[in-house]
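*Asks:* Quick note: the sequence shown, position 223, residue 222 per numbering that gives the first Met the number 0, numbers continuous.
Glycine included, every Cβ here is placed at the ideal spot set by N, Cα and C.
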Amino acid sequence: MKMRLDRYLCELNLGTRSQVKRDIKAGLVSVNDRTILRPEEQIRTDTDCICYKGQPCIYEEYVYYLLHKPAGVVSATRDRQDRTVLDLIGDTTRKDLFPVGRLDKDTEGLLLLTNDGALAHDLLAPGRHVEKEYECHLAHPFDERQRQLLEQEMEIGEKKPVRPAVVQVLEDKKITLTITEGKFHQVKRMLHAAGNEVVYLKRIRMGPLVLDDALPRGSFRRLTEEEVESLKHDRSGHL
Ligand code: URA
0 MKMRLDRYLC ELNLGTRSQV KRDIKAGLVS VNDRTILRPE EQIRTDTDCI CYKGQPCIYE
60 EYVYYLLHKP AGVVSATRDR QDRTVLDLIG DTTRKDLFPV GRLDKDTEGL LLLTNDGALA
120 HDLLAPGRHV EKEYECHLAH PFDERQRQLL EQEMEIGEKK PVRPAVVQVL EDKKITLTIT
180 EGKFHQVKRM LHAAGNEVVY LKRIRMGPLV LDDALPRGSF RRLTEEEVES LKHDRSGHL
């Protein structure tokens, strides 16, 4: 990809546009071993070797963030009223970042954000069936009849019944539910159809990505390379 040198350095988070312009004019930046003094110099991000203060820069075309979404924040790129998940990430250099799927405003937990449209498309494709695991706190005690209903195809008012879920009972009123689709309010609607109600919902896993305890509510981290690779190749998402 071709890009202005000053923009490239900004996208690497090396400073504001005016800071990087100053650094370029001060001779701190070289392209293919040649010092470049013009911020508007066009470079090729895929083949040129850019050094800043003597250190080679690595350009990442795609970024991947794992956010522990708190309640009260919307899974949108912008919103007139509410804080969005992008406000929490605060990466202003990436204008093309978006959440992969949605969590309800009152749902907490794991949310992936990226600018990798192809991966997002693949993860959300109806045929891909990536597993999404939720911790559900319930209004009423969970029983065997509810389990049976959830673990078979279920009518929740969609065109077709939703696919069987996997249930793990944690406590009297606490379960995990693993689903492989992403219909609107799906978990809440499934529990409602089974005769219970969700009072608190948290996503704890998406395919191979697990929400780790070390990530407090409202904070985020970059995915590791291994996590990105496993997301691209994971087939364990099939129930
Ligand atoms: N199912 C729901 O009901 N809500 C969510 O936020 C995610 C899945």
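What does the shell around ligand 1 hold, if a residue joins when its beta-carbon is under 5 Å from any heavy atom?
*Replies:* Working through the chain, the matches are Leu102, Asp103, Thr106, His184, Gln185, Val186, Lys187.
*Asks:* Return the bridge partner residues of Leu135 from the DSSP annotation.
*Replies:* The amino acid occupying residue 135 in the given sequence is Cys; Leu does not appear at that position. The partner list for Cys135 (beta bridge, DSSP) reads Ile174, Leu200.
*Asks:* Buried or exposed: where does Val209 fall if 16 or more other Cβ atoms within 10 Å of its Cβ makes it buried?
*Replies:* Per the 10 Å Cβ criterion, exposed.
*Asks:* Which of the three DSSP states is assigned to Ile35 in this structure?
*Replies:* In this structure, Ile35 counts as coil in the three-state DSSP scheme.
*Asks:* Do Leu36 and Ile49 have their C-beta atoms closer together than 8 Å?
*Replies:* No; because the gap between Cβ atoms is not below 8 Å, this pair is not in contact.
*Asks:* Quick check on the burial criterion: 16 or more other C-beta atoms within 10 angstroms. Buried or exposed for Lys52?
*Replies:* Exposed, by the Cβ-count rule.
*Asks:* Out of curiosity, what's the CA-to-CA distance linking Lys182 and Glu10?
*Replies:* About 35 Å.
*Asks:* Starting from Gln167, follow its DSSP beta bridges and name the residues at the other end.
*Replies:* According to DSSP, which records beta bridges pairwise, Gln167 is partnered with Thr175.
*Asks:* Measuring CB to CB, does Thr177 end up less than 8 Å from Glu107?
*Replies:* Not a contact, by the Cβ cut-off of 8 Å.
*Asks:* So, with DSSP's three-state summary, where would you put Arg146?
*Replies:* Looking at Arg146 - three-state DSSP - the assignment turns out to be helix.
*Asks:* Between Ser74 and Val62, how many whole angstroms is the CB-CB distance? I'm expecting something under 8 Å.
*Replies:* Wrong, their Cβ atoms sit about 17 Å apart, outside the cutoff.
*Asks:* Note down the Cα distance separating Gln80 from Leu27, rounded to an integer number of angstroms.
*Replies:* Spanning the two alpha carbons is a distance of roughly 43 Å.
*Asks:* Rounded to a whole number of angstroms, what is the C-alpha to C-alpha distance between Thr198 and Asp105?
*Replies:* According to the sequence displayed, residue 198 carries Val and not Thr. Answer to the nearest angstrom: the Cα atoms are 10 Å apart.
*Asks:* So the beta strand (DSSP E) Lys68 belongs to, where does it begin and stop?
*Replies:* It spans 63-68 - the beta strand (DSSP E) in which Lys68 sits, taken as one unbroken run.
*Asks:* Would you check if the distance between the CB atom of Met2 and the CB atom of Thr34 is smaller than 8 Å?
*Replies:* No, these two residues do not count as a Cβ contact at 8 Å.
*Asks:* Following the continuous beta strand (DSSP E) through Arg220, name the residue where it begins and the one where it ends.
*Replies:* Arg220 -> beta strand (DSSP E) spans 219-221.
*Asks:* If you reduce the DSSP assignment to three classes, tell me which class Arg127 lands in.
*Replies:* Reduced to three states, the DSSP call for Arg127 is coil.
*Asks:* With respect to the alpha helix (DSSP H) encompassing Leu4, which residues constitute its N-terminal and C-terminal limits?
*Replies:* 4-10 is the extent of the alpha helix (DSSP H) around Leu4.
*Asks:* Taking the Cβ atom as the reference point for each residue, do Asp5 and Pro38 lie within a distance shorter than 8 Å?
*Replies:* A contact, by the Cβ cut-off of 8 Å.
*Asks:* From Leu8, Leu149, Arg127, pick the residue whose C-alpha is nearest to that of Arg21; which is it?
*Replies:* It is Leu8.
*Asks:* In or out: Pro160 buried (at least 16 other Cβ within 10 Å) or exposed?
*Replies:* Exposed: under 16 other Cβ atoms inside 10 Å.
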